[in-house]
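In short: position in the sequence shown from 1, add 1396, done, that's my numbering. Ideal placement from N, C-alpha and C gives every residue a C-beta, glycine not left out. Beneath this line is the structure, given in structure tokens, with notes to follow.
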Amino acid sequence: MAVESLDAEPLNEVEEDESGEEYGDTRLAADADRTPLRPGVMAVLLVALPMFGQIFHYMKDLIPLWSLSKAFPILSLPLVFVVFRHPVVPMTRQVLASFLWLMLVPSFAAIFTFDQDFFTGLTAQVKLLPMLYFFSFLGLLLLLQPTLRELMAGFLILGIITFVSLVIIWAVVPQSWYSDNYPIGASPILTTDNRGNRVRMPMYFSMVAIFYFYRRFLQRPSFRPLLATAIGIAITMGIVKTRAMLVGIAGVVVLNGFFVTRGFLRYAVSGIALAGVVASFSFGYLSSIFRTDPSSGFSVRWETILKATAFLGINPLHWLLGVGTISPTSKDSLSAFFDHAFFLADITWLGIVFEFGIIGALMFIAYEVRGMLFYQRQLKPRIDSLFLAALQDYLLYVLLISNLYPPTLTPGETAVILAIYAYVWQWLQQYDAERTEESE
């Protein structure tokens, strides 16, 4: 990111963060950047971001894009060599060590627990390959040198495209296209169940857009960002109808309403947000999140919990290191092994402990928390950017929904955010160096 590509003028007034800590006049006013968007850079970002963001990773209805998404962690690996040209890249050791541990340890464990050879066990961990997007996407950023405004525009444009696509599909697709009976493991885009018709669209960029517009409203209350936030939430609630998403949105909205604002506005906004959340989860399909009757599937998940816990037993190594899993390429399956519809994603954190152990579970938590801490400690005191703050909100969102939607399914989303944070940190180092030269 060239220094000239960002409005590098410090804020004129002393700013305070949510805790009351003063930043002084060294915080760069990134949100004031009005440099023109470069068409070539935007074209590359709009093509690359959906792949790095795992948008098509589970959309088997779109076979070409689904296949490309599965292969993309390997296809994009050459970009890693760009990163190697930079001697200091923050978070590198943690991401690489976590990736190697989470790939290798469960594969070894599965040799002893499921009589599965090591290389077959490795194929069970291909879901973790998108963690490498931290390196490959950072390599792309270092090559492309986009401005922070261009990155923000890429996310927001893709988020808005997602919302528009959802509305169009909902309005024009005939009822006969919605599937009410599909094989286990399939992820059709159009489904119908006890929640009604649903369009199951990946919402990575849309979530970031919602959090961005909500932060804009909190920073300077006005009608347009509030309306954009409300429309985004309404589309998610009325068309996508994924309870985990709404739980995550609700958590971020309430927490930001309290911690980002000050004075009377803090209690007014957070109180209204909390009341709206409670009201929303009191009726319709959202209330079913608290049900335990057979139609909720709770009995199946409870049986899975009992079988998983019994299998881990009292062996401390099983709990610490995990027991691995059975590869999809194997002739056997966990469901056949346990004689039950046994899916680790259904039991979320217990499923992660089952496969990766408590150490692995802590690595997944640290993967998200490191990004949040890095933003708070390294970037927020230096640069005023609602977009970077919205990316932190997404990391919080991942943790909030992790008991419903395990973070093992889309680690590439977090990898992209960490790469952006590392890229902005590199830019700040360059900015400081050039300012030092000028002062000398």
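- When DSSP assignments are scanned along the region 1735 to 1804, the uninterrupted stretches of alpha helix (DSSP H) that are 4 or more residues long and fall wholly within it turn out to be 1744 to 1770, 1782 to 1796.
- Residues of the same chain with a CB within less than 6 angstroms of the CB of LEU1795, apart from the 5 flanking positions on each side, are GLU1764 in chain order.
- The three-state reading of DSSP puts SER1731 in helix, counting H, G and I together.
- Counting along the chain, ASP1828 sits inside the alpha helix (DSSP H) bounded by residues 1807 to 1835.
- Less than 8 angstroms divides the Cβ of ILE1813 from the Cβ of LEU1791.
- Here VAL1478 is near GLY1535, since their CB atoms are less than 8 angstroms apart.
- Within the region 1556 to 1616, the runs of beta strand (DSSP E) at least 3 residues long that lie entirely inside it are, in chain order, 1586 to 1589, 1592 to 1595.
- In terms of Cα proximity to ALA1567, the closest of LEU1544, ASP1576, LEU1586, VAL1696 is LEU1586.
- Taking a 10 Å sphere around the C-beta of LEU1544, we find 16 or more other C-beta atoms and assign the residue as buried.
- Taking C-beta atoms as the reference points, VAL1501 and GLY1718 count as a pair closer than 8 angstroms.
- Our two residues, HIS1453 and LEU1424, have alpha carbons roughly 36 angstroms apart in a direct line.
- Linking ALA1704 to PRO1777 through their CA atoms gives a straight-line distance of about 45 angstroms.
- With 16 or more neighbouring CB atoms inside 10 Å of its own CB, SER1494 falls in the buried class.
- With respect to the 8 angstroms criterion, ALA1669 and VAL1649 are classified as neighbours on the basis of their beta carbons.
- LYS1466: member of the alpha helix (DSSP H) spanning 1459 to 1471, first to last residue.
- In this structure the region 1604 to 1611 does not touch the region 1523 to 1535; the number of beta carbon pairs closer than 8 angstroms is below three.
- With the rule of 3 Cβ pairs closer than 8 angstroms, the region 1429 to 1449 does not count as touching the region 1510 to 1524.
- GLN1541 sits in coil when the DSSP states are folded into three classes, being neither helix nor strand.
- In this structure, ILE1779 lies near ALA1426, with their beta-carbon atoms less than 8 angstroms apart.
- In the same chain as SER1575, and ignoring 5 residues on each side of it, the C-beta atoms closer than 8 angstroms to its own belong to PRO1584, LEU1586, THR1587, THR1588, in chain order.
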